[in-house]
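Visitor: Following this message is one structure expressed as C-alpha coordinates.
In this note's numbering, the protein residues as written are 1 to 281.
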(Lines of atoms letter the chains of each structure in order from A; the text may use other names.)
(Lines give C-alpha, C1' and ligand atoms only; values in the text may rest on other atoms or scores of the structure.)
Protein backbone atom coordinates (compact mmCIF):
# COMPACT_ATOMS: atom_id res chain seq x y z
CA UNK A 1 0.00 0.00 0.00
CA UNK A 2 1.22 3.47 -0.86
CA UNK A 3 2.37 5.94 1.77
CA UNK A 4 -0.13 8.75 2.30
CA UNK A 5 1.40 12.21 1.91
CA UNK A 6 -0.91 13.96 4.34
CA UNK A 7 -1.16 17.69 3.92
CA UNK A 8 -1.90 18.35 7.59
CA UNK A 9 1.64 17.34 8.50
CA UNK A 10 3.11 19.78 5.99
CA UNK A 11 0.69 22.50 7.03
CA UNK A 12 1.53 22.08 10.72
CA UNK A 13 5.26 22.40 10.04
CA UNK A 14 4.70 25.52 7.95
CA UNK A 15 2.49 27.03 10.64
CA UNK A 16 5.18 26.63 13.30
CA UNK A 17 7.72 28.30 11.03
CA UNK A 18 5.30 31.08 10.11
CA UNK A 19 4.45 31.88 13.71
CA UNK A 20 8.14 32.46 14.42
CA UNK A 21 8.51 34.65 11.33
CA UNK A 22 5.48 36.76 12.27
CA UNK A 23 6.79 37.23 15.81
CA UNK A 24 10.10 38.43 14.40
CA UNK A 25 8.39 40.89 12.05
CA UNK A 26 6.09 42.23 14.77
CA UNK A 27 9.14 42.84 16.96
CA UNK A 28 10.30 45.16 14.17
CA UNK A 29 6.94 46.94 14.07
CA UNK A 30 5.62 45.12 10.99
CA UNK A 31 2.26 43.35 11.28
CA UNK A 32 1.76 41.06 8.24
CA UNK A 33 -1.70 41.67 6.81
CA UNK A 34 -3.75 39.94 4.12
CA UNK A 35 -6.36 41.83 2.15
CA UNK A 36 -9.18 39.71 0.72
CA UNK A 37 -11.25 41.10 -2.15
CA UNK A 38 -14.51 39.29 -2.86
CA UNK A 39 -17.21 40.18 -5.37
CA UNK A 40 -20.56 38.54 -4.65
CA UNK A 41 -21.49 35.73 -2.26
CA UNK A 42 -20.30 32.55 -3.97
CA UNK A 43 -20.41 29.76 -1.35
CA UNK A 44 -17.01 28.36 -2.38
CA UNK A 45 -15.42 31.84 -2.09
CA UNK A 46 -16.93 32.35 1.36
CA UNK A 47 -15.78 28.90 2.46
CA UNK A 48 -12.21 29.56 1.30
CA UNK A 49 -12.29 33.00 2.89
CA UNK A 50 -13.20 31.46 6.25
CA UNK A 51 -10.43 28.88 5.94
CA UNK A 52 -7.84 31.48 4.94
CA UNK A 53 -8.91 33.79 7.77
CA UNK A 54 -8.66 31.00 10.33
CA UNK A 55 -5.24 29.98 9.04
CA UNK A 56 -4.01 33.58 9.12
CA UNK A 57 -5.22 34.10 12.66
CA UNK A 58 -3.48 30.90 13.75
CA UNK A 59 -0.18 32.22 12.41
CA UNK A 60 -0.62 35.76 13.70
CA UNK A 61 -1.40 37.34 10.32
CA UNK A 62 -4.13 39.99 10.26
CA UNK A 63 -6.94 39.96 7.69
CA UNK A 64 -8.94 42.77 6.12
CA UNK A 65 -11.92 41.76 3.97
CA UNK A 66 -13.29 43.98 1.21
CA UNK A 67 -16.56 42.98 -0.46
CA UNK A 68 -18.62 44.25 -3.35
CA UNK A 69 -22.03 43.05 -4.55
CA UNK A 70 -22.08 40.85 -7.65
CA UNK A 71 -23.78 43.73 -9.49
CA UNK A 72 -20.86 46.10 -8.83
CA UNK A 73 -19.34 47.75 -11.88
CA UNK A 74 -15.84 47.04 -13.12
CA UNK A 75 -14.75 50.57 -12.28
CA UNK A 76 -15.81 50.04 -8.66
CA UNK A 77 -13.64 46.95 -8.39
CA UNK A 78 -10.69 48.67 -10.08
CA UNK A 79 -11.02 51.56 -7.62
CA UNK A 80 -11.01 49.10 -4.71
CA UNK A 81 -7.92 47.34 -6.04
CA UNK A 82 -6.18 50.69 -6.45
CA UNK A 83 -7.06 51.53 -2.83
CA UNK A 84 -5.61 48.25 -1.59
CA UNK A 85 -2.51 48.62 -3.77
CA UNK A 86 -1.78 51.97 -2.12
CA UNK A 87 -2.55 50.82 1.43
CA UNK A 88 0.88 50.20 2.98
CA UNK A 89 -0.68 48.33 5.92
CA UNK A 90 -1.78 45.54 3.53
CA UNK A 91 1.09 43.35 2.35
CA UNK A 92 -0.64 40.66 0.32
CA UNK A 93 -3.93 40.46 -1.57
CA UNK A 94 -6.20 37.54 -2.40
CA UNK A 95 -8.64 38.37 -5.20
CA UNK A 96 -11.38 35.78 -5.62
CA UNK A 97 -12.06 34.57 -9.13
CA UNK A 98 -13.92 33.79 -11.30
CA UNK A 99 -15.32 37.28 -11.42
CA UNK A 100 -18.86 38.14 -12.57
CA UNK A 101 -19.24 37.75 -16.34
CA UNK A 102 -19.62 41.48 -16.97
CA UNK A 103 -16.04 42.08 -15.74
CA UNK A 104 -12.84 41.68 -17.79
CA UNK A 105 -10.72 39.18 -15.85
CA UNK A 106 -7.47 40.13 -17.56
CA UNK A 107 -7.89 43.83 -16.83
CA UNK A 108 -8.95 43.23 -13.23
CA UNK A 109 -6.27 40.76 -12.19
CA UNK A 110 -3.49 42.79 -13.77
CA UNK A 111 -4.60 45.89 -11.87
CA UNK A 112 -3.14 44.26 -8.75
CA UNK A 113 0.52 45.12 -8.17
CA UNK A 114 2.69 41.96 -8.44
CA UNK A 115 4.42 42.68 -5.13
CA UNK A 116 1.07 42.10 -3.36
CA UNK A 117 -0.11 39.31 -5.67
CA UNK A 118 0.37 36.42 -3.26
CA UNK A 119 -1.52 33.87 -5.41
CA UNK A 120 0.33 34.42 -8.68
CA UNK A 121 -2.60 35.64 -10.80
CA UNK A 122 -1.02 38.66 -12.49
CA UNK A 123 1.07 38.52 -15.65
CA UNK A 124 3.85 40.21 -13.68
CA UNK A 125 3.94 37.47 -11.06
CA UNK A 126 3.92 34.72 -13.66
CA UNK A 127 6.72 36.49 -15.53
CA UNK A 128 8.75 36.44 -12.32
CA UNK A 129 8.13 32.69 -11.98
CA UNK A 130 9.07 31.94 -15.59
CA UNK A 131 12.07 34.28 -15.86
CA UNK A 132 13.31 34.43 -12.28
CA UNK A 133 13.24 38.23 -12.49
CA UNK A 134 10.86 40.77 -10.98
CA UNK A 135 8.45 40.69 -8.06
CA UNK A 136 5.57 38.32 -7.46
CA UNK A 137 4.76 34.86 -6.20
CA UNK A 138 4.03 31.52 -7.78
CA UNK A 139 0.42 30.32 -7.69
CA UNK A 140 -0.15 28.82 -4.22
CA UNK A 141 -1.33 25.43 -5.48
CA UNK A 142 1.80 24.97 -7.59
CA UNK A 143 4.00 25.94 -4.64
CA UNK A 144 2.05 23.56 -2.39
CA UNK A 145 3.09 20.64 -4.62
CA UNK A 146 6.76 21.52 -4.10
CA UNK A 147 6.28 22.04 -0.35
CA UNK A 148 4.84 18.53 -0.02
CA UNK A 149 7.71 16.94 -1.91
CA UNK A 150 10.22 18.86 0.20
CA UNK A 151 8.57 18.05 3.53
CA UNK A 152 8.55 14.31 2.87
CA UNK A 153 12.18 14.42 1.78
CA UNK A 154 11.91 13.62 -1.91
CA UNK A 155 14.97 14.73 -3.86
CA UNK A 156 14.00 16.48 -7.10
CA UNK A 157 17.44 16.83 -8.67
CA UNK A 158 17.78 14.56 -11.67
CA UNK A 159 14.28 13.09 -11.31
CA UNK A 160 11.88 12.53 -14.21
CA UNK A 161 8.75 14.51 -13.39
CA UNK A 162 5.55 14.50 -15.44
CA UNK A 163 2.81 17.09 -15.00
CA UNK A 164 -0.67 16.43 -16.37
CA UNK A 165 -2.20 19.80 -17.22
CA UNK A 166 -0.84 22.99 -18.74
CA UNK A 167 -2.80 25.70 -16.93
CA UNK A 168 -1.21 28.85 -15.54
CA UNK A 169 -2.55 27.90 -12.11
CA UNK A 170 -0.67 24.62 -11.74
CA UNK A 171 0.71 22.91 -14.84
CA UNK A 172 3.07 25.45 -16.36
CA UNK A 173 4.35 27.10 -13.14
CA UNK A 174 4.95 23.81 -11.31
CA UNK A 175 6.89 22.49 -14.32
CA UNK A 176 9.15 25.56 -14.19
CA UNK A 177 9.56 25.18 -10.44
CA UNK A 178 10.53 21.53 -10.87
CA UNK A 179 13.07 22.49 -13.52
CA UNK A 180 14.55 25.13 -11.19
CA UNK A 181 15.15 22.31 -8.73
CA UNK A 182 16.98 20.38 -11.47
CA UNK A 183 14.24 17.85 -12.18
CA UNK A 184 13.44 17.02 -15.80
CA UNK A 185 9.76 17.89 -16.32
CA UNK A 186 7.38 16.80 -19.07
CA UNK A 187 3.97 18.43 -19.49
CA UNK A 188 1.09 16.27 -20.73
CA UNK A 189 -2.16 17.67 -22.12
CA UNK A 190 -5.15 16.69 -24.24
CA UNK A 191 -3.02 16.34 -27.39
CA UNK A 192 -0.32 14.18 -25.80
CA UNK A 193 0.18 10.90 -27.67
CA UNK A 194 -0.02 7.79 -25.44
CA UNK A 195 -0.21 9.77 -22.21
CA UNK A 196 -0.32 6.69 -19.97
CA UNK A 197 3.07 5.53 -21.27
CA UNK A 198 4.57 8.98 -20.74
CA UNK A 199 3.26 9.06 -17.18
CA UNK A 200 4.44 5.55 -16.35
CA UNK A 201 7.98 6.67 -17.13
CA UNK A 202 7.86 9.41 -14.49
CA UNK A 203 9.32 9.11 -11.02
CA UNK A 204 7.21 12.05 -9.85
CA UNK A 205 3.69 12.47 -11.26
CA UNK A 206 1.74 15.68 -10.62
CA UNK A 207 -1.90 15.36 -11.66
CA UNK A 208 -3.86 18.51 -12.50
CA UNK A 209 -6.13 17.21 -15.25
CA UNK A 210 -9.35 18.76 -14.02
CA UNK A 211 -11.54 15.65 -14.22
CA UNK A 212 -12.36 13.05 -11.61
CA UNK A 213 -10.59 9.72 -11.98
CA UNK A 214 -9.28 10.50 -15.46
CA UNK A 215 -5.82 9.22 -14.50
CA UNK A 216 -6.24 5.47 -14.17
CA UNK A 217 -4.25 2.35 -13.43
CA UNK A 218 -2.32 2.41 -16.71
CA UNK A 219 -0.75 5.78 -15.78
CA UNK A 220 1.04 4.45 -12.70
CA UNK A 221 4.23 2.49 -12.11
CA UNK A 222 5.95 1.08 -9.01
CA UNK A 223 8.05 3.54 -7.03
CA UNK A 224 6.22 6.65 -8.22
CA UNK A 225 5.40 9.67 -6.08
CA UNK A 226 1.94 11.01 -7.05
CA UNK A 227 0.72 14.50 -6.18
CA UNK A 228 -3.00 14.80 -6.99
CA UNK A 229 -4.11 18.42 -7.30
CA UNK A 230 -7.66 17.63 -8.44
CA UNK A 231 -10.76 18.61 -6.49
CA UNK A 232 -13.92 16.99 -7.79
CA UNK A 233 -17.16 15.65 -6.35
CA UNK A 234 -18.86 12.36 -7.09
CA UNK A 235 -22.61 12.03 -7.64
CA UNK A 236 -23.07 11.19 -3.96
CA UNK A 237 -21.19 14.34 -2.92
CA UNK A 238 -17.84 12.82 -1.97
CA UNK A 239 -14.66 14.75 -2.78
CA UNK A 240 -12.13 13.01 -5.00
CA UNK A 241 -9.05 13.82 -7.03
CA UNK A 242 -8.17 13.48 -10.70
CA UNK A 243 -6.33 10.20 -10.10
CA UNK A 244 -8.00 6.85 -9.46
CA UNK A 245 -6.84 6.65 -5.85
CA UNK A 246 -7.76 3.00 -5.28
CA UNK A 247 -5.81 1.91 -8.36
CA UNK A 248 -2.82 4.14 -7.61
CA UNK A 249 -2.55 3.11 -3.96
CA UNK A 250 -1.86 -0.50 -4.95
CA UNK A 251 0.97 0.44 -7.34
CA UNK A 252 2.80 3.66 -6.45
CA UNK A 253 5.15 4.36 -3.57
CA UNK A 254 3.33 7.43 -2.21
CA UNK A 255 0.30 9.58 -3.03
CA UNK A 256 -1.52 12.63 -1.67
CA UNK A 257 -5.07 11.92 -0.51
CA UNK A 258 -8.09 13.96 -1.64
CA UNK A 259 -9.28 15.53 0.56
CA UNK A 260 -6.40 16.07 2.97
CA UNK A 261 -3.55 16.58 0.53
CA UNK A 262 -2.58 19.53 -1.67
CA UNK A 263 -5.57 21.68 -0.73
CA UNK A 264 -4.60 21.59 2.93
CA UNK A 265 -1.16 22.96 2.10
CA UNK A 266 -2.31 25.61 -0.38
CA UNK A 267 -3.77 27.86 2.30
CA UNK A 268 -0.59 27.53 4.36
CA UNK A 269 1.43 28.65 1.34
CA UNK A 270 -0.89 31.64 0.91
CA UNK A 271 -0.19 32.74 4.48
CA UNK A 272 3.52 32.20 3.98
CA UNK A 273 3.45 34.47 0.94
CA UNK A 274 1.81 37.24 2.95
CA UNK A 275 4.62 36.98 5.46
CA UNK A 276 7.26 37.07 2.71
CA UNK A 277 5.58 40.12 1.18
CA UNK A 278 5.58 41.85 4.57
CA UNK A 279 9.25 41.02 5.11
CA UNK A 280 10.09 42.54 1.75
CA UNK A 281 8.00 45.68 2.21
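For glycine and all other residues, C-beta sits at the position ideal for the given N, C-alpha and C.
Along the chain, which unbroken stretches of the alpha helix (DSSP H) at least 4 residues long are found entirely within the stretch 5-52?
Guide: 7-27
Visitor: Give every residue of the same chain whose Cβ lies closer than 8 Å to the Cβ of residue 39, excluding the five residues on either side of it in the sequence, and list them in chain order.
Guide: 67, 68, 69, 70, 72, 77, 96, 99, 100, 103
Visitor: Could you tell me which residues DSSP pairs with residue 232 in its beta bridges?
Guide: 240
Visitor: Check residue 249 in the structure and name its three-state DSSP category.
Guide: helix
Visitor: For residue 65, count neighbouring C-beta atoms within 10 Å of its own C-beta (all shown protein chains included) and say buried if the count is 16 or more, exposed if not.
Guide: exposed
Visitor: Assuming residue 92 contacts residue 118 (C-beta within less than 8 Å), just tell me the rounded distance between them.
Guide: 4 Å
Visitor: Looking at residue 160: is its Cβ nearer than 8 Å to the Cβ of residue 210?
Guide: no
Visitor: Can the beta-carbon of residue 23 be found closer than 8 Å to that of residue 60?
Guide: yes
Visitor: What would DSSP say about residue 266, mapped onto helix, strand or coil?
Guide: Three-state result, residue 266: helix.
Visitor: Tell me which residues share the same chain as residue 141 and place their Cβ nearer than 7 Å to its Cβ, disregarding the 5 neighbours each side in the sequence.
Guide: 169, 170, 229, 262, 266
Visitor: In this structure, how does DSSP classify residue 203 when only helix, strand and coil are distinguished?
Guide: In the three-state scheme derived from DSSP, where H, G and I count as helix and E and B as strand, residue 203 is classed as coil.
Visitor: I need the boundaries of the beta strand (DSSP E) containing residue 151, first residue and last residue.
Guide: Note, residue 151: premise wrong, no beta strand (DSSP E); alpha helix (DSSP H) at 140-151.
Visitor: Measure the Cβ-Cβ separation of residue 277 and residue 116 and say whether it is below 8 Å.
Guide: yes
Visitor: Rounded to the nearest angstrom, what separates residue 75 and residue 111 at their Cα positions?
Guide: Taking the straight line from one Cα to the other gives about 11 Å.
Visitor: What separation, rounded to the nearest whole angstrom, lies between the Cα atoms of residue 148 and residue 193?
Guide: 29 Å
Visitor: Return the chain-ordered list of same chain residues with a C-beta closer than 7 Å to the C-beta of residue 175, the five sequence neighbours on each side being excluded.
Guide: The beta carbon of residue 175 is closer than 7 Å to those of 163, 185, 187 in its chain, skipping five residues each way along the sequence.
Visitor: Taking Cβ to Cβ, would you say residue 132 is nearer than 8 Å to residue 114?
Guide: no
Visitor: So residue 227 and residue 256 are supposed to be a Cβ contact under 8 Å. How far apart are they, rounded?
Guide: Between residue 256 and residue 227 the Cβ distance is about 5 Å, and since that is below 8 Å, they are a contact.
Visitor: What residue from 203, 244, 152, 223 has the CA that sits closest to residue 212's CA?
Guide: 244
Visitor: Determine the direct distance from the alpha carbon of residue 155 to that of residue 203, and round the result to whole angstroms.
Guide: 11 Å
Visitor: Grouping DSSP H, G and I as helix and E and B as strand, with all else coil, what is residue 122?
Guide: coil
Visitor: Hey, out of 58, 79, 139, whose CA is closest to residue 94's CA?
Guide: 139
Visitor: Would residue 165 pass as a contact of residue 208 if the rule is Cβ separation under 8 Å?
Guide: yes
Visitor: Sorted by chain position, which residues of the same chain lie with C-beta nearer than 8 Å to residue 239's C-beta, five sequence neighbours on each side aside?
Guide: 231, 232, 233, 258, 259
Visitor: For residue 251, which residues of its own chain have a beta-carbon under 8 Å away from its beta-carbon, when the five flanking residues on both sides are left out?
Guide: In chain order, 2, 217, 220, 221, 222, 224 place their CB closer than 8 Å to the CB of residue 251, counting only its own chain and leaving out the 5 sequence neighbours on each side.
Visitor: So, under 8 Å CB-CB, residue 268 and residue 55 are touching, yes? Tell me the CB distance rounded to an integer number of Å.
Guide: So it is a contact: roughly 7 Å between Cβ atoms.
Visitor: Check whether the Cβ atoms of residue 274 and residue 34 lie closer than 8 Å to each other.
Guide: yes
Visitor: Is the beta carbon of residue 120 closer than 8 Å to that of residue 173?
Guide: yes
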